[in-house]
Structure formats: C-alpha cells, structure tokens
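First to last, the protein sequences are chains D and L. Heads up, the first sequence is in my numbering, so the first residue is 10 and it goes up one at a time. Heads up, the second sequence is in my numbering, so the first residue is 74 and it goes up one at a time.
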Amino acid sequence: MENKLRKIFAETLNISEEQVTDGLEYNSIPEWDSISHMALIATLDDEFNIMMETEDVIDLSSFAKAKEILSKYGVQF
Amino acid sequence: MTLEQLFQSNPYEMKAEDKKKMMFQEISSLTKLHRERCEPYENINKALPAQHEEGMIEDLPFLPVRLFKLAELRSVEKEAVIKTLTSSGTTSQVVSRIFLDKETSLFQTKALVTIVKSYLGNQRLPMIIVDSPNVIKDRTSFSARGAGIMGLINFGRNHFYLLNESMEINWEGLEQFLEAHKGQEILLFGFTFMVWKYFYKAALEQNKKISLGKSILIHSGGWKKLLDEAVDNETFKSRIKDQLGIERIHNFYGMVEQVGSIFMECEHGRLHTPSFADLLVRDPQTLEVLPNGEQGIIQVMSLLPRSYPGHNLLTEDLGTILGEDNCPCGRHGKSFVVHGRLPAAELRGCSDTHAFDSGGNNGNTSSQI
Numbered sequence: 010m011e012n013k014l015r016k017i018f019a020e021t022l023n024i025s026e027e028q029v030t031d032g033l034e035y036n037s038i039p040e041w042d043s044i045s046h047m048a049l050i051a052t053l054d055d056e057f058n059i060m061m062e063t064e065d066v067i068d069l070s071s072f073a074k075a076k077e078i079l080s081k082y083g084v085q086f
Numbered sequence: 074m075t076l077e078q079l080f081q082s083n084p085y086e087m088k089a090e091d092k093k094k095m096m097f098q099e100i101s102s103l104t105k106l107h108r109e110r111c112e113p114y115e116n117i118n119k120a121l122p123a124q125h126e127e128g129m130i131e132d133l134p135f136l137p138v139r140l141f142k143l144a145e146l147r148s149v150e151k152e153a154v155i156k157t158l159t160s161s162g163t164t165s166q167v168v169s170r171i172f173l174d175k176e177t178s179l180f181q182t183k184a185l186v187t188i189v190k191s192y193l194g195n196q197r198l199p200m201i202i203v204d205s206p207n208v209i210k211d212r213t214s215f216s217a218r219g220a221g222i223m224g225l226i227n228f229g230r231n232h233f234y235l236l237n238e239s240m241e242i243n244w245e246g247l248e249q250f251l252e253a254h255k256g257q258e259i260l261l262f263g264f265t266f267m268v269w270k271y272f273y274k275a276a277l278e279q280n281k282k283i284s285l286g287k288s289i290l291i292h293s294g295g296w297k298k299l300l301d302e303a304v305d306n307e308t309f310k311s312r313i314k315d316q317l318g319i320e321r322i323h324n325f326y327g328m329v330e331q332v333g334s335i336f337m338e339c340e341h342g343r344l345h346t347p348s349f350a351d352l353l354v355r356d357p358q359t360l361e362v363l364p365n366g367e368q369g370i371i372q373v374m375s376l377l378p379r380s381y382p383g384h385n386l387l388t389e390d391l392g393t394i395l396g397e398d399n400c401p402c403g404r405h406g407k408s409f410v411v412h413g414r415l416p417a418a419e420l421r422g423c424s425d426t427h428a429f430d431s432g433g434n435n436g437n438t439s440s441q442i
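Here it is as structure tokens:
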C-alpha cells in the first residue's frame, strides 16, 4: 500500500518516486504547493475511495503524515 | 493562549475582557518581533513616540495599508519566502506585496479553517468556484482573488470553475455538476462583484433561473462596484436567492494584507471578529478611537503575520462597530458593518487634497493617510 501511495505522490506532484520519502514535506519543494496539494487530495480521495475532512486536508503536510491520516480512514499500511 | 490553542477552540467564544488583555500582549510582542526583524519597520517605529508597557491596544503603532505598496516589508530572509501575495488595486498602478513564509502561510490556512468550519462543518462540500481557472495560473504569486480561492478551496471537493477565460458561464458543465451532486449541499465561492456580474446578471440576461437548493455562498472582495449600481448587501442576497436559489449567503471582510483572519458575516448580517483578530474604528480626521456606533476608518489587528509586519493596520475602509459580545447570533467578539472605501482612497501624495475635496462626498478627511 505504501508503494501505491508513493506512486500517487510521484505522479500527481510530478516528481520521481525516489523523492517521495517520509521526510517529504508540503511547501518544501516547488512541485508540492497549494495547487498541486488539491490535486493530490482529490486523487487520494478517489484512489482510496474516501472523503477526507477539511482538517485532514490541511494536516496532510508530509508523506509520513499522509500515511497516518489515511490510516484513520481505514487504509492499511 | 498560543495561536495553536486558539485554532483548536471556537473562534467566537472568548469574552471581551480576556480578549482585550490577550490582544494587547500579543500585538505588543508582534510589534517587538517585527521591529527586530524588519529594518524599515524599525525605522518607522523609531520615529514614533515611545510606548508604555502598560498601555492600551489603541496606543500600539499601526501602519497604513498602503505602505505595503510603497516599501518591501519583510521580516524573514528572502530565501524563506514561499509565496508573494499582491493586491488587486483597481485604479492604482502600484500593488501591495505581502511576503509569506511557511509558518505564516500555515497560520493563515489554519485560521481560515477554524473560522469557516464553524459555519460549514468539517465535511468538504462539492464546490463551485465563481471564477475562471486562470486566476490561479501563476503558482508562486497570487492576486487577492487567487489567494481567496486558494484559501476556500480546502473546504470543497470536485471543484468546478463556473467561468471560462472570457468570463462566460459554462452552462453545460454546471448542469453536469448539479446532476452529479443532486440533493447534496453545495459550496459556492466567488468575489462579490464576480458573483453579481458574471453569475447573477448573466443568468438574468439569459433568462436562466436555477435552483441551487441546499447551498451556501461565501463571497468577499468589497462592494465598491456594486454600490455604484446601488446594490447593497440586502439587495444582493434577495436577488441571488430569487434567481439562483441560494438560501445561505455569507459575505466576509478581509484583505490581502491579513489573509486568514477574516471577518465573517453571521445570520444577522453582521461581520464578526474571530479570537485571533480584532478591530477598532478611528475618526478619519483626528484618528482618535471612536465609540461603538460611530462610523470611521477601520483598523485591523491580526495575530497571524510573522513574515511581514502586517499585524496592526489602518485600512482605507469605513465601518461602524455595532457591539461586542452581544450580537443576536450568539457569537462573542465585536460585530460590525463596512460602509465602503474612504472616498478617493486610491489617490496618494500631498496633492491629494484637491482631488479629494472635489471628489469626496464629505470632503473632510484630508491627508492623515
């Protein structure tokens, strides 16, 4: 599942999979800004068939955090 | 209370007494912080009389908003800036530039969530953006419109941009969107004038009556152009309800110099201060603070700005504070209304007086700002 998530990150942010590590943070690279963040959230909603709440959209500020938040919605890593 | 604690609580529950104390402490310490980190700001402060430690909030130094058009005011290194916001001054050539670092940008997002979720809840709603996608094309520099959209976009999902590049309604897309979200509560966001001209008026002219049913419209950006057409808030609401079927409509007062700590309109048509922002009204001539109920220039305070000295600003808008902790809607904080821009506020320099006197409607506010 972590690989699936890494792939989604790489594809929606348009970066290489190697760049997607736990330490990857929102606004730390030009590719992950507020606009691509919305695209990322939309893809995560679709791919995992969930509907994240507003606060989680804001909190999802790193790859590690994404795993934590998705776990809340029943996605297992 | 730390900002983080304020973001975790209801933004409309702090009582006047606590608020007053907190605001004085926090705005004082922000003044100190920016004096240390922003040289031009320090230079301005050095020219002012010294403040007393035990003073009042109204004695703390404030900047006129237009200073952000004239000087580059930054309290962080250039490298730390991740986003620059620009004002959309309609008649002026010079734009304000507001520099955001990661921290301030995050505070803005969190503040907005704290405020708006108290109106919308935590569920993201299918969202119609009454604008064209072009407005957010440049990803590092946002106009006021772009910044507004990017702030509100977090509350939505399945975002649909209502207008194309020529500002025409995509009726087909709208139909599909409404079909896909039948029976669901829909969030609409747009700038007041855009909603009026390109949605309401376009629908009226094309004889299209629609029912957005269980929907909520949030809009902002000022009434200047609408007041020229003699459209006030009440007219705006009733016409839009009639033509587009939107029942819940909330305006908010906010500015690019203080993104995040917005003042939302409640069910009783009053704007409200959240816990992390405050407001004073000053006499346009003497700059003395006016009592509640009297109209004057609005001064805004916000605890969010860290990367630029925008925590205490004198706007160019006229408003009246209606009360504190006593709005019939039950929210604490000050409630107020905005009457519009100070006449000829876009003019500048010492040659203002003539143009102002001939163009203004009360002709008595000359050159304080």
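Glycine included, each C-beta is placed from N, C-alpha and C at the ideal position.
- According to the DSSP secondary-structure assignment, ASN324(L) is paired through a beta bridge with HIS292(L).
- For MET47(D), a Cβ of chain L is located within less than 8 angstroms of the residue's own Cβ.
- Three or more beta-carbon pairs separated by less than 8 angstroms are not found between the segment 190 to 197 of chain L and the segment 244 to 254 of chain L, which leaves the two stretches without contact.
- A direct Cα-Cα distance of roughly 7 angstroms separates GLU99(L) from LEU376(L).
- Any Cβ of chain L closer than 8 angstroms to the Cβ of THR21(D) would place that residue at the interface, and such an atom is absent.
- GLU34(D) and GLY128(L) have their alpha carbons spaced roughly 42 angstroms apart.
- By the beta-carbon neighbour count (other beta carbons within 10 angstroms, threshold 16), ALA89(L) is exposed.
- It is roughly 13 angstroms from the alpha-carbon of PHE141(L) to the alpha-carbon of SER148(L).
- Rounded to whole angstroms, ARG110(L) and PHE272(L) show a C-alpha spacing of 45 angstroms.
- For SER43(D), the secondary structure class from DSSP, reduced to helix, strand or coil, is helix.
- Between LEU299(L) and PHE135(L), the CB-CB gap reaches or exceeds 8 angstroms.
- Residue environment: SER102(L) is assigned as exposed (fewer than 16 neighbouring CB atoms within 10 Å of its CB, all protein chains considered).
- Annotation: the continuous alpha helix (DSSP H) that includes MET95(L) extends over 89 to 110.
- Chain order gives the chain D residues near THR182(L) as ILE67, where near means a beta carbon separation below 8 angstroms.
- Cβ contact annotation for GLY294(L) (same chain, cutoff 8 angstroms, sequence separation greater than five): ALA217, ARG218, GLY221, PHE264, THR265, PHE266, MET267, in chain order.
- Burial is judged here by how many other beta carbons sit within 10 angstroms of a residue's own beta carbon; LYS282(L) has fewer than 16 and is exposed.
- In the DSSP assignment, SER375(L) falls within the unbroken beta strand (DSSP E) covering 368 to 375.
- For ARG139(L), the nearest beta carbon of chain D is not closer than 8 angstroms to its own beta carbon.
- Residue-level contact by beta carbon holds for MET60(D) and chain L, with a gap shorter than 8 angstroms.
- Going by DSSP, MET129(L) is part of no alpha helix (DSSP H) at all; its letter is neither H nor E.
- DSSP places THR157(L) inside the beta strand (DSSP E), whose first and last residues are 156 to 159.
- For a Cβ distance threshold of 7 angstroms, residue set ILE44 of chain D lies close to ILE209(L), ordered along the chain.
- Collapsing the DSSP output to three states places VAL362(L) in a strand.
- Closest in C-alpha terms to LEU261(L), from the list LYS93(L), ARG321(L), GLU77(L), comes ARG321(L).
- Per the Cβ contact rule, the segment 77 to 84 of chain L is in contact with the segment 343 to 356 of chain L (3 or more Cβ pairs under 8 angstroms).
- Contact between VAL138(L) and GLU258(L) is ruled out by a C-beta separation of about 35 angstroms, above the 8 angstroms threshold.
- Within a 10 Å sphere around the beta-carbon of GLY366(L) sit fewer than 16 other beta-carbons, which makes this residue exposed.
- The residue from ASP390(L), GLN358(L), SER178(L), ILE289(L) with its alpha-carbon nearest to that of GLY318(L) is ILE289(L).
- Just so you know, the alpha carbons of THR308(L) and GLU152(L) end up roughly 47 angstroms apart.
- Residue-level contact by beta carbon holds for GLU64(D) and chain L, with a gap shorter than 8 angstroms.
- The shortest CA-to-CA distance from GLU26(D) to any of LYS81(D), ASN12(D), VAL84(D), PRO39(D) is the one to ASN12(D).
- For SER348(L), the three-state secondary structure derived from DSSP is coil.
- Comparing C-alpha distances from SER205(L) to each of LEU225(L), ASN243(L), PRO199(L) shows the shortest one belongs to ASN243(L).
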